[in-house]
Amino acid sequence: MRVHPVNPIDFEVFKNVYLAIAEEMGVTLCRTGFSPNIKERLDYSCAVYDADGETIAQGDHMPVHLGAMPLSVRAAIDAVNMRPGDIVILNDPFQGGTHLPDITLVSPVFVGAKDKTPTFYVANRAHHSDVGGMSPGSMPVAREIYQEGLIIPPILLVRGHGHGSREGTIDTAVWSMILANVRTPDEREGDLSAQIAANRVAERRLLEVVRKYGKARAVGYARALQDYTERVVKAAITKIPDGVYAFADALDNDGFSDAPVAITVKLTIKGAHATVDFTGSDPQVEGSVNANFAITLSACLYAFRCLVEEDVLYNAGVARPLTVIAPAGSIVNAQRPAAVAGGNVETSQRITDVVLGALGRALPDRLPAASQGTMNNITLGGASLRRDANGRAIPFAYYETMGGGMGARKGLDGLSGVHTHMSNTRNTPVEAIEHYLPVRITQYSLRAGSGGDGDARGGDGIVREYELLTDTSVTLLSDRRERAPYGAEGGAPGACGRNTLIRDGVETRLPGKVQMTLKAGDHLRIETPGGGGYGKRAK
Amino acid sequence: MRIGVDTGGTFTDFVRIDARGLSTHKVRSTPDDPSRAILEGLAALGLKRAADAASGGAQRDAVVHGSTVATNAVLERKGARVALVATSGFEDVIHIGRQTRPELYNIFVAPRVPLVDRGLVFGVRERLDHTGAVVTPLDPADIDRLVADIRAVGAEIVAVCLLHSYVNPAHEQVVAARLRAAGLIVCTSTEVLPEYREFERWSTTVVNAYVTPLMDRYLGRLQASLGRAASLAIMQSNGGSISATAARAQAVRTVLSGPAAGVVGAKEVAAAAGFRHVISFDMGGTSTDVSLIDNCIRTTNDARVGDFPVRVPVIDIHTVGAGGGSIATVDSGGALRVGPRSAGAEPGPACYGSGTALTVTDANLLLGRLDPAYFFGGRMTLDIERARDAAAPIAVDLKLSVAELAEGVVRVANANMERAIRVVSVERGHDPRDFSLLAFGGAGGMHACEIADALEIKTVIVPRQAGVLSALGMLVADVTKDYSASVLQRANELTAKQLDVRYQPLLKQAARDLANEGFAGLKAKCTRWIDVRYVGQSYEITLPYAPGYRAAFDRLHGKTYGYANKDRAVEVVNIRVVAMGLAAKPRLPRAKNLKASTPKPSAIRPARFNGKSWKTSTYRWEQLAAGARASGPAVIMGAEATAVIPPGWAFHVDRMGNVICARTSR
């Protein structure tokens, strides 16, 4: 529908318009959310899509959601015949989701009262603190997805009142079904309300845009924005010397066996096109580090987005010059009923490491050493010290991730104590955690000396120590405990992370992935990995 | 007499008010020592020097001053050598921040460098829990060691920041007392901001420590120079003023005072002109500040200076890095960009005579929206050929004519501004159509009507004092002090009586401080505010306190975020008291007669709007009488600002000399 020639001025105006909508959705979620993951840690993503479900603009939220969000929209389109006012909910990793705690809401936007099909879609995805399953916080060390929590295929959560109305009514059957399957229903209810509000905000804004500029221009410029991003990404790929670049790395293990889980990549650059082929990576595993295709795609999109220096809008244009080959049934394209909780948070980081590593073979000056390569997921749950009106202990479920060392860059040290690559969530303030959970933080500091040595040093990791004030179920999903983040161009690797239990003054090393019940008075110390160094240090 | 003094990067502005009325004055700023320009200007306005002021006996004169000394100290990293004392085990809180990296996709992202060196952070063994109970007591021997360590590193000032001090400041007080007894200058986190969330509270405290010695010296010098000739008050970021003596102790409260004064000035002139719901739009050379005034000025506790959160109440201003000096470029994908690079004051827009880059101001000139011969009231002429030369290569690149390009540059700049206005209105639950746009700063009046068009705003006000609105704001600012305390309790577990008890110490302190500033009785006003959220949320809404605050909170949440739930439990996060000493409000001069008249243009020149050339009347602001009215397109050139009235708009001049623009058609 390109009826108008693209005018560089209107182009810039529309860029502002679409990005502002995605950002406003994010503001709404953050300000009204209830999960610490949403309100404190900003673990969510919001985006606007065209009629085909292709991204027009995605806010700068969570990179791991980049490739996955459009697949959610696609799954919603395929599964549900959406009408005005409808909102589809889903979290099924094998139908548009990533891992179960990430719940996505997709809304169609019909611009004309008589339109038969939507002109836009909007979606937001937020990490909920609990979606049921075998352990509080729903990030278990599981063997199959059915243990990980409630699986929601794409279904209607809100039913629209039909054409001419933009209102909808929450489907109470679906609503109560979801709330009956989670440990902290009150919080879920608040988070889902916030997610509904975020989509409604975007719908209103898009209708304003169409009213003001007309549908043809709004749609035409959306396409122009995608084409533009594609051009810029192609220009960046063209600058990479043609060739085949290989790289391999591995996860420490899957949480059940000690065997490392290898991920290998062969990157073929030819002109303005790149093929990222993961053939040869290990098969999917018993534990929960399986990545579905959405995650693998996100990691590739992120890596190529990093090569673009311009401040372009993130949208469907990034994916167009890329072909991603991930064999079905492998660790990078797991199939049902694989457990996937850690795929999103751990395997995604390793996939990024190998893709960036391969790119580093082509452009050593522009790519960094490995960053911490894990998100250090910790989930706490149990009966809190608070009581409800009937004197019953109120349950709690809490999830957080920890930053670490960033890999060194040519001529520039890595940052210390930050989230890297696929995540950029904030920490929860110590004073906030202690107010809401039966836990005390006894140390929160940088892990001096953990960054790899080199011409430029890797960033340092973090040390965070928890004292449990009541018996608590604890799940750790962490990696880079055995296999260190690699250095680049002769730089030393960063230090491995370390998980330690301190009980009655005795320290015990814990595995990277473990689920256990700790006693009141136990201390748990997490030391996160440092980043790799860059370049051999001149003596 | 009262004088407002605004120190800017290029000029120091003065507004004086006394029995005879209002006068303004400008002096070139003296960045090496801003007080030189101030004293020079004050002398020119007839304020006696300290030495001559002993006699007289009439009431003392007052000077209200706002400066960027503190802001610049942070941005240019010229503040004090600060030591930080933190709960042991948490020495890196300031360095870790919120553990995020500043840019998502930039491999070469630069580190954030805190204002305190890691080597100047000292842990002290102690610990409170979230109820304020002692988990680990302080050890006196530990503090002795601390004193020696801090002496050894030679810090100018010490920030004491301990966990959970907002519920129980005892440990911070003990440490501070010991350090002070040893002759060190100290500020504690609870003195600065007794609110929970350690990083934000500590960051605010560190910024305070970083700027305090500098502000103390600067204000001390200024006070000494003024002597008894005049009292000195300082503008704060919350839009109120405060005595210089009080400001010297809590300098962090002054860091964003310049833009804040502009909003106060905007509110004052808008109210005098009969407008109570306005969006202030201050477009300068490098940046634009936007704020929403809905009867009253809105403050936020969510501000930053540079990279650092500063959680003291600050007027809710959204700033975008685009202004008259923003440079137009074409990026690698062939899109036109305006900003964030700016030609600034040096070299300035191409048409000023030394720069070569095409800026927004050049674009306005090329469109005929500026009279090159009468810029700044004729103090400057503009070189249109230089502007054309700057535009030509970009126009060729984009296959546009120079005129089309110029119009495009203005449109792209306006799109940035429009987004900024949406942030302060739509994102906060306000419909911009319910507001008027009050435009000031050198470039505000040139863009306001077109931006208003895009947002369906019907009225634009370009005030007579557009060039000195910040100085005017300082002059009229009330003395304002903020007090807060964290509560963190469910509303249903707090009776009105219990809340009253909690408010008492804040109210007492407020009354005491106001008395010290010379305000009592009807001139002293304390209002109570409360921060509320649904249990489980992390962001609270601040609303006026009344026993029915619960229902008011639901309404406000619904309005701001689109949903509310009256059955969900709510929690009181903080209570606040705002103490105001009401300043005597000067009456802005107004014309006695208001007679409709059709003004005579000083010239009729072609100007470009909506892709066409229009015969456009140019007026000199000084020659427009109250009651003058005409239709656009028109350009009104004043000594301090320019107003552009596009086709489809008309304007009239009100009693105060403001240009009021109204849309006549769509």
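If you read the protein sequences in the order shown, they are chains C and B.
For the first sequence, position 192 (counting from the first letter as 1) is numbered 192 according to my numbering, and the numbering increases by one without interruption.
Adding 1000 to a residue's 1-based position in the second sequence gives its number in my numbering.
Note that the Cβ used here is the ideal one computed from N, Cα and C, for glycine as well.
| query | Which value, in whole angstroms, describes the spacing of the CA atoms of Gly-329/C and Ala-75/C? | reply | Using only the alpha carbons, I get a separation of about 20 Å.
Q: Leaving out five residues on either side along the sequence, give the residues of the same chain with a beta carbon under 8 Å from the beta carbon of Ala-1558/B.
A: Sequence check: residue 1558/B is Gly here, not Ala. Here the set comprises Ala-1564.
**Message:** Runs of 4 residues minimum, wholly inside the segment 1147 to 1205 of chain B: which ones carry the alpha helix (DSSP H) assignment?
**Reply:** 1170 to 1181 and 1189 to 1192
Distance between Leu-468/C and Ala-520/C (C-alpha atoms, nearest Å): 5 Å
ask   = Can a CB atom of chain B be found closer than 8 Å to the CB of Ser-193/C?
value = yes
- Pick out the complete beta strand (DSSP E) segments inside the segment 1420 to 1471 of chain B, 3 residues or longer, and give them in chain order. 1436 to 1440 and 1459 to 1462
Check: What are the start and end residues of the alpha helix (DSSP H) that includes Thr-229/C?
Finding: 215 to 238
From Gly-1673/B to Gly-1284/B, what distance separates their C-alpha atoms?
-> The structure shown does not extend to residue 1673/B, since chain B is modelled only from 1001 through 1666, so no value can be given for it.
Can you find a C-beta in chain C that's less than 8 Å from the C-beta of Arg-1663/B?
-> No, because no Cβ of chain C sits closer than 8 Å to the Cβ of Arg-1663/B.
Measuring only the C-alpha atoms, how far is Met-1417/B from Pro-429/C? 34 Å
task: Specify the secondary structure class of Arg-1502/B as computed by DSSP and reduced to three states.
output: helix
Next on the checklist: Run through chain B and tell me which residues come within less than 8 Å of Thr-560/C, C-beta to C-beta.
Outcome noted: For chain C, the structure presents residues 1 to 539; residue 560/C sits outside this window and is missing.
How would you write the range of the alpha helix (DSSP H) that Tyr-1549/B sits in, first residue to last? Taken as a continuous stretch (DSSP letters only), the alpha helix (DSSP H) holding Tyr-1549/B covers 1549 to 1561.
| message | Is Ala-1176/B close to chain C? Criterion is C-beta to C-beta, closer than 8 Å. | response | no
Note to self: Report the start-end ranges of each beta strand (DSSP E) in the segment 1110 to 1154 of chain B that is 3 residues or longer and not cut off at the edges.
What the structure shows: 1121 to 1124 and 1134 to 1136
| Listed by chain order, chain B residues near Phe-11/C by CB distance under 8 Å | Ala-1335 and Leu-1336
Practice task
At 7 Å on the CB atoms, spell out the chain C contacts of Arg-1341/B, in chain order.
Solution key: Near Arg-1341/B there are no residues of chain C at all, since even the closest Cβ is about 12 Å away, more than 7 Å.
- prompt: What is the C-beta distance between Thr-475/C and Pro-140/C, in whole angstroms, given that I count them as a contact (C-beta under 8 Å)?
  reply: 6 Å
Q) According to a CB-to-CB cut-off of less than 9 Å, which residues of the segment 1494 to 1508 of chain B neighbour chain C? A) none
- Val-1211/B to Val-27/C span [Cα, whole Å]: 31 Å
- request: Would you list, in sequence order, the uninterrupted beta strand (DSSP E) runs of no fewer than 3 residues that lie entirely inside the segment 1329 to 1359 of chain B?
  value: As far as the segment 1329 to 1359 of chain B is concerned, its whole beta strand (DSSP E) runs of at least 3 residues are 1336 to 1342.
Checklist line | Beta bridge counterpart(s) of Thr-266/C as assigned by DSSP | finding: In the sequence on display, residue 266/C carries Lys and not Thr. Looking at the DSSP assignment, Lys-266/C forms a beta bridge with Ala-246/C and Asp-277/C.
task: Measure the beta-carbon distance from Ala-1073/B to Leu-1193/B and round it to whole angstroms, keeping in mind my assumption that it falls under 8 Å.
output: Under the criterion of beta carbons closer than 8 Å, Ala-1073/B and Leu-1193/B do not qualify as touching, at roughly 19 Å.
**Residues that Thr-1212/B contacts on chain C, provided the C-beta gap is smaller than 9 Å** = In chain order: nothing, as chain C lies at least about 24 Å away.
Does Thr-1542/B have its Cβ less than 8 Å from a Cβ in chain C? no
Worksheet entry | Which of helix, strand or coil DSSP assigns to Ile-151/C | Three-state DSSP puts Ile-151/C in coil, outside helix and strand.
Residues that Pro-1606/B bridges to, as DSSP identifies them:
Lys-1615/B
query = Does the Cβ of Asn-1516/B have 16 or more other Cβ atoms within 10 Å, making it buried, or fewer, making it exposed?
reply = exposed
Practice task
Counting only the same chain and skipping the five closest in sequence on each side, list residues whose C-beta sits under 6 Å from that of Leu-356/C.
Solution key: The answer, listed in chain order, is Ala-303 and Leu-367.
**Asked** What's the gap between the Cα of Ser-1665/B and the Cα of Asn-1658/B?
**Response** Separation of Ser-1665/B and Asn-1658/B (C-alpha to C-alpha, rounded to the nearest whole angstrom) is 22 Å.
- Query: Cα separation between Glu-23/C and Ala-202/C?
  - Reply: 9 Å
Q.
Considering only heavy atoms of the ligand GDP, does any lie closer than 7 Å to the CB of Val-1082/B?
A. Of the ligands one can find in the structure shown there are none, so the ligand GDP has no counterpart to examine.
### Query
Skipping 5 residues on each side, what residues in its chain have a beta carbon closer than 7 Å to that of Phe-1376/B?
Around Phe-1376/B: Ala-1639.
So, is Phe-1108/B buried or exposed, given that buried needs 16 or more other C-beta atoms within 10 angstroms? exposed
query = Touching or not, the segment 193 to 211 of chain C and the segment 405 to 414 of chain C, by the rule of three or more beta carbon pairs under 8 Å?
reply = no
Pull out every residue of the segment 1131 to 1151 of chain B whose Cβ sits closer than 7 Å to any Cβ of chain C, in chain order. none
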